[in-house]
Amino acid sequence: MDYVIIGGDAAGMSAAMQIVRNTEGGTITVLEKGEITSYGQCGLPYVLKGVVDSTEDLIARKPETFREKYGIDVRIRHEVEQVDCDRKKIYARNLDGDEQVEITYDKLLIASGASPIVPPWKGRHLDGIYTLKTIPDIEEIIAGTTEDTEHVTIIGGGYIGLEMAESYRALGKQVRIIDRGAQLAKIFDEDMGELVHEEARTNGLELHLNESVEGFRGGGQVETVVTDKGTYATDLVLVAAGVTPNTSFLEGTGIYKGIKDAVAVNAFMETSILDIYAAGDCAVQYHRVKKKMDYIPLGTHANKQGQIAGLNMAGVRTPFRGITGTSILKFFDLTLGRTGLSVREAEQEKFPVKTMTVQSTHEAGYYSKDNPMTVKVIYDAETRQLLGGQIIGKDGVDKRIDVLATALFHKMKVDDLQDLDLSYAPPYNSVWDPIQQAARKAD
Numbered sequence: 009m010d011y012v013i014i015g016g017d018a019a020g021m022s023a024a025m026q027i028v029r030n031t032e033g034g035t036i037t038v039l040e041k042g043e044i045t046s047y048g049q050c051g052l053p054y055v056l057k058g059v060v061d062s063t064e065d066l067i068a069r070k071p072e073t074f075r076e077k078y079g080i081d082v083r084i085r086h087e088v089e090q091v092d093c094d095r096k097k098i099y100a101r102n103l104d105g106d107e108q109v110e111i112t113y114d115k116l117l118i119a120s121g122a123s124p125i126v127p128p129w130k131g132r133h134l135d136g137i138y139t140l141k142t143i144p145d146i147e148e149i150i151a152g153t154t155e156d157t158e159h160v161t162i163i164g165g166g167y168i169g170l171e172m173a174e175s176y177r178a179l180g181k182q183v184r185i186i187d188r189g190a191q192l193a194k195i196f197d198e199d200m201g202e203l204v205h206e207e208a209r210t211n212g213l214e215l216h217l218n219e220s221v222e223g224f225r226g227g228g229q230v231e232t233v234v235t236d237k238g239t240y241a242t243d244l245v246l247v248a249a250g251v252t253p254n255t256s257f258l259e260g261t262g263i264y265k266g267i268k269d270a271v272a273v274n275a276f277m278e279t280s281i282l283d284i285y286a287a288g289d290c291a292v293q294y295h296r297v298k299k300k301m302d303y304i305p306l307g308t309h310a311n312k313q314g315q316i317a318g319l320n321m322a323g324v325r326t327p328f329r330g331i332t333g334t335s336i337l338k339f340f341d342l343t344l345g346r347t348g349l350s351v352r353e354a355e356q357e358k359f360p361v362k363t364m365t366v367q368s369t370h371e372a373g374y375y376s377k378d379n380p381m382t383v384k385v386i387y388d389a390e391t392r393q394l395l396g397g398q399i400i401g402k403d404g405v406d407k408r409i410d411v412l413a414t415a416l417f418h419k420m421k422v423d424d425l426q427d428l429d430l431s432y433a434p435p436y437n438s439v440w441d442p443i444q445q446a447a448r449k450a451d
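Position 191, counted from 1, in the sequence shown is what the working numbering calls 199; the numbers after and before it change by one each time, with no gaps.
#1: What does the alpha-carbon distance come out to for the pair T347 and I186?
#2: Exposed or buried, Y432, counting other C-beta atoms within 10 Å across all chains shown (16 or more means buried)?
#3: Taking only runs that begin and end inside the region 34 to 79, name each unbroken alpha helix (DSSP H) of 4 or more residues, in chain order.
#4: Here's a check: name, in chain order, each residue in its chain whose Cβ is nearer than 8 Å to the Cβ of C93, leaving out the five neighbours to either side.
#5: Does DSSP classify D410 as helix, strand or coil?
#6: Would you mind working out which of T37, R75 and A291 sits nearest G330, comparing C-alpha positions?
#7: Buried or exposed: which applies to Y176, given that a residue is buried once 16 or more other Cβ atoms fall within 10 Å of its Cβ?
#8: Between which two residues does the beta strand (DSSP E) containing G348 stretch?
#9: Tell me where the beta strand (DSSP E) around V109 begins and ends.
#10: Does DSSP classify Q191 as helix, strand or coil?
#11: Leaving out the 5 sequence neighbours to the left and right, which residues in its chain are closer than 8 Å to Q445 when beta-carbon positions are compared?
#12: Taking the continuous alpha helix (DSSP H) assigned at E355, which residues delimit it?
#13: Starting from L394, trace the beta strand (DSSP E) in both directions and tell me its first and last residue.
#14: Can you tell which of R85, E206 and A275 has its C-alpha closest to the C-alpha of Q108?
#15: Evaluate the contact criterion for the region 352 to 366 versus the region 384 to 391: three or more CB pairs, one atom per stretch, below 8 Å.
#16: Is A119 near G20, with beta carbons less than 8 Å apart?
#17: With distances taken Cα to Cα, identify the nearest neighbour of F196 among A354, D302, G42 and K268.
#18: Hey, would you say the C-beta of S335 is under 7 Å away from at least one heavy atom of the ligand COA?
#19: Please state the DSSP three-state secondary structure of F417.
#20: Alpha carbon to alpha carbon, how far is A272 from K265?
#21: Can you look up K133 in the DSSP assignment and give me helix, strand or coil?
#22: Can the beta-carbon of L203 be found less than 8 Å from the beta-carbon of I67?
#23: Could you tell me if A241 is buried or exposed, where buried requires 16 or more neighbouring beta carbons within 10 angstroms of its beta carbon?
#24: Mapping the DSSP letters down to three states, classify I263 as helix, strand or coil.
#25: Could you tell me whether the region 326 to 340 touches the region 150 to 161, where touching means 3 or more Cβ pairs closer than 8 Å?
#26: Rounded to the nearest angstrom, what separates D236 and S220 at their Cα positions?
#27: On the DSSP bridge assignment, give the partners of V383 in chain order.
#28: Skipping 5 residues on each side, what residues in its chain have a beta carbon closer than 8 Å to that of E320?
#29: Could you tell me if I125 is buried or exposed, where buried requires 16 or more neighbouring beta carbons within 10 angstroms of its beta carbon?
#30: Is DSSP giving L203 helix, strand or coil here?
#31: Expressed to the nearest angstrom, what Euclidean distance is found between the alpha-carbon atoms of W322 and L244?
#32: For A190, which residues of its own chain have a beta-carbon under 7 Å away from its beta-carbon, when the five flanking residues on both sides are left out?
#33: H418: buried (16+ other C-beta within 10 angstroms of its C-beta) or exposed?
#34: Note down the Cα distance separating A443 from K358, rounded to an integer number of angstroms.
#35: Could you round the C-beta distance between W129 and G223 to whole angstroms and report it? I think they count as a contact, below 8 Å.
#36: In its own chain, which residues sit with a C-beta less than 7 Å from the C-beta of P380, not counting the 5 before and 5 after it?
Written out as structure tokens, the structure reads:
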């Protein structure tokens, strides 16, 4: 059996390892456009400010490790140009020799990931304008960030934008965030977003919301950012405006695409074409709360989908049970956690929405009042079904958002939260956990 995998990062290599562990006698070929396999993309912003010492620390396994230890034929700098589903052939270009390579497969996994979006702004090709998705990206950014870099402009207020803003402030740079929307961290509701804005301004960030970038100016090196509301001097620009799935090479194959051109898959990571699978940032995910396919490209989903795809390619029939939209983010002194649906998303899905927000503390109130925490629980007004949760605070956010994520996964109702046997000691909690406090007050 000849297995071919397009993409050598989270989803692709997770799948490859499952095939190794569950088959004998087959060949596994991985085609990776870049030079690095199996690395932690989410750690990239922390290399900039020195929390992570080196990009080498982010690499879990190098290509030679997969080749020598596991017998996987990892071919770096190979870009796939065409998939012939009828003849079961892959046509890729070896970027080092600029020659086309033809490979036959019995089973194929598309794990081609996603790429940063850069709109067709005038001047977007000027030096000093960067995106962040790979290790070479962060290395270029670090090389381009010098002592003379005083003003940094970040376009986009999502995960990458906020993490990089914190990193640049840690380096003593002046940071401006421009976002065409009304708030940073749009995965949170507006009331919770205000806590993010307050933290941003407290830490010296200059916010330009409801403002759209139109282009850049400079004599080779970017010098100014032009928006619909003004012109701003800058020494460096980071475009963090989201990502788009790498699926354009699949045009004409008959492989069905879904949301945002991500590859449509079923619970077994199978595409619309027999013997072709897809996983990771190039594929859709089933959302357990929405009860339909969604597109939320995160490392957790990529690793899980890749593992499931590999098992199914190896003949171990295993379903992917879906996501609940859980994520967490460190932003200066705050931790921002969310799971399930926001109010906006719940209303879009036609749920009759109710919410309860409480102000509490990470520890027992008499033990310490220095760790305030805002907890918001979102639920169905008619069925009392839990729909989502958002928590912002300094400490203890992670464990509580994971409790809510677990509750969502198992379709618990808001009232069921009160019955959970959660840990308690004054340095860690109140007798009633903050999420239980919110549940008790829910109408």
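Think of the CB as a built atom: it goes at the ideal place given N, C-alpha and C, for glycine as much as any other residue.
Given the structure is predicted, the values throughout are model-derived calculations rather than measurements.
Working from what's here:
#1: One-based indexing of the sequence shown puts residue 347 at position 339. One-based indexing of the sequence shown puts residue 186 at position 178. So the alpha carbons of these two residues sit roughly 26 Å apart.
#2: As a position in the sequence shown, residue 432 is number 424, starting the count at 1. Y432 counts as exposed, since fewer than 16 other C-beta atoms from the protein chains shown sit within 10 angstroms of its C-beta.
#3: Entirely contained in the region 34 to 79, the alpha helix (DSSP H) runs reaching 4 residues are, in chain order, 52 to 56 and 71 to 78.
#4: Within the sequence shown, numbered from 1, the residue matching residue 93 stands at position 85. Closer than 8 Å at Cβ, skipping near neighbours: T261, G262, I263, I281 and I284.
#5: Your numbering for residue 410 matches position 402 in the sequence shown. Reduced to three states, the DSSP call for D410 is helix.
#6: Counting from one through the sequence shown, the residue named residue 330 turns up at place 322. Nearest of T37, R75 and A291 to G330, Cα basis: A291.
#7: One-based indexing of the sequence shown puts residue 176 at position 168. Burial call: buried.
#8: Position 340 of the sequence shown, counting from 1, holds the residue named residue 348. It spans L342 to G348 - the beta strand (DSSP E) in which G348 sits, taken as one unbroken run.
#9: In the sequence shown, counting from the first residue as 1, residue 109 sits at position 101. Its beta strand (DSSP E) spans residues E107 to T112.
#10: As a working mapping, residue 191 is identified with position 183 in the sequence shown. Q191 falls in the coil class under three-state DSSP.
#11: What you label residue 445 is simply residue 437 of the sequence shown in a count that begins at 1. If we look at Q445 and ignore the five residues flanking it on each side, its Cβ neighbours are V366, S368, V383 and S438.
#12: What you label residue 355 is simply residue 347 of the sequence shown in a count that begins at 1. In the DSSP assignment, E355 falls within the unbroken alpha helix (DSSP H) covering V351 to Q356.
#13: Numbered from 1 along the sequence shown, position 386 holds the residue referred to as residue 394. Where L394 is concerned, the enclosing beta strand (DSSP E) stretches over L394 to G401.
#14: Counted from its first residue, the sequence shown places residue 108 at position 100. Nearest option by C-alpha distance: R85.
#15: yes
#16: For this step, residue 119 is matched to residue 111 along the sequence shown. For this step, residue 20 is matched to residue 12 along the sequence shown. Result yes, Cβ atoms of A119 and G20 sit closer than 8 Å.
#17: As a working mapping, residue 196 is identified with position 188 in the sequence shown. With distances taken between Cα atoms, F196 lies closest to A354.
#18: Ligands are entirely absent from the displayed structure, and the ligand COA is therefore not among its contents.
#19: What you label residue 417 is simply residue 409 of the sequence shown in a count that begins at 1. Note: F417 maps to helix in three-state DSSP.
#20: The residue given as residue 272 occupies position 264 in the sequence shown. The residue given as residue 265 occupies position 257 in the sequence shown. Distance between the alpha carbons of A272 and K265: 5 Å.
#21: Sequence index remark: in the sequence shown, residue 133 carries index 125 (1-based). A small fix is needed here, since residue 133 is His in this sequence, not Lys. In the structure shown, H133 sits in coil (DSSP, three-state: anything other than H, G, I, E or B).
#22: Taking the first residue of the sequence shown as 1, we reach residue 203 at position 195. Taking the first residue of the sequence shown as 1, we reach residue 67 at position 59. No. Outside cutoff.
#23: For the purposes of this step, residue 241 is taken as the residue at position 233 of the sequence shown. So A241 ends up on the exposed side.
#24: Position 255 of the sequence shown holds residue 263. Reduced to three states, the DSSP call for I263 is coil.
#25: no
#26: For the purposes of this step, residue 236 is taken as residue 228 along the sequence shown, with counting starting at 1. For the purposes of this step, residue 220 is taken as residue 212 along the sequence shown, with counting starting at 1. Answer to the nearest angstrom: the Cα atoms are 6 Å apart.
#27: Residue 383 sits at position 375 when you count from the first residue of the sequence shown. DSSP output for V383 lists V366 and I399 as bridge partner(s).
#28: As a working note, residue 320 is residue 312 in the sequence shown. The sequence shown places Asn at residue 320, not Glu. Correct list, in chain order: F276, M277, E278, Y285 and T326.
#29: The residue you call residue 125 lines up with position 117 of the sequence shown. It is exposed - the Cβ of I125 has fewer than 16 other Cβ atoms within 10 Å.
#30: Your numbering for residue 203 matches position 195 in the sequence shown. L203: helix per DSSP, three-state reduction.
#31: Residue numbering aside, residue 322 sits at position 314 when the sequence shown is read from its first letter. Residue numbering aside, residue 244 sits at position 236 when the sequence shown is read from its first letter. What sits at residue 322 in the sequence shown is Ala, not Trp. The straight-line gap from Cα to Cα measures roughly 47 Å.
#32: Sequence index remark: in the sequence shown, residue 190 carries index 182 (1-based). Excluding residues within five positions, the ones whose Cβ falls inside 7 Å are L217 and N218.
#33: Mapped onto the sequence shown, residue 418 falls at position 410. Counting Cβ neighbours within 10 Å, H418 comes out exposed, since fewer than 16 surround it.
#34: Numbered from 1 along the sequence shown, position 435 holds the residue referred to as residue 443. Numbered from 1 along the sequence shown, position 350 holds the residue referred to as residue 358. In the sequence as presented, Ala is not what sits at residue 443; that position holds Ile. If you draw a straight line from the Cα of I443 to the Cα of K358, it is about 24 Å long.
#35: Numbered from its first residue, the sequence shown carries residue 129 at position 121. Numbered from its first residue, the sequence shown carries residue 223 at position 215. Yes, they are in contact, since the Cβ atoms of W129 and G223 sit about 5 Å apart, within 8 Å.
#36: Residue numbering aside, residue 380 sits at position 372 when the sequence shown is read from its first letter. Correct list, in chain order: Q367, T369 and G401.
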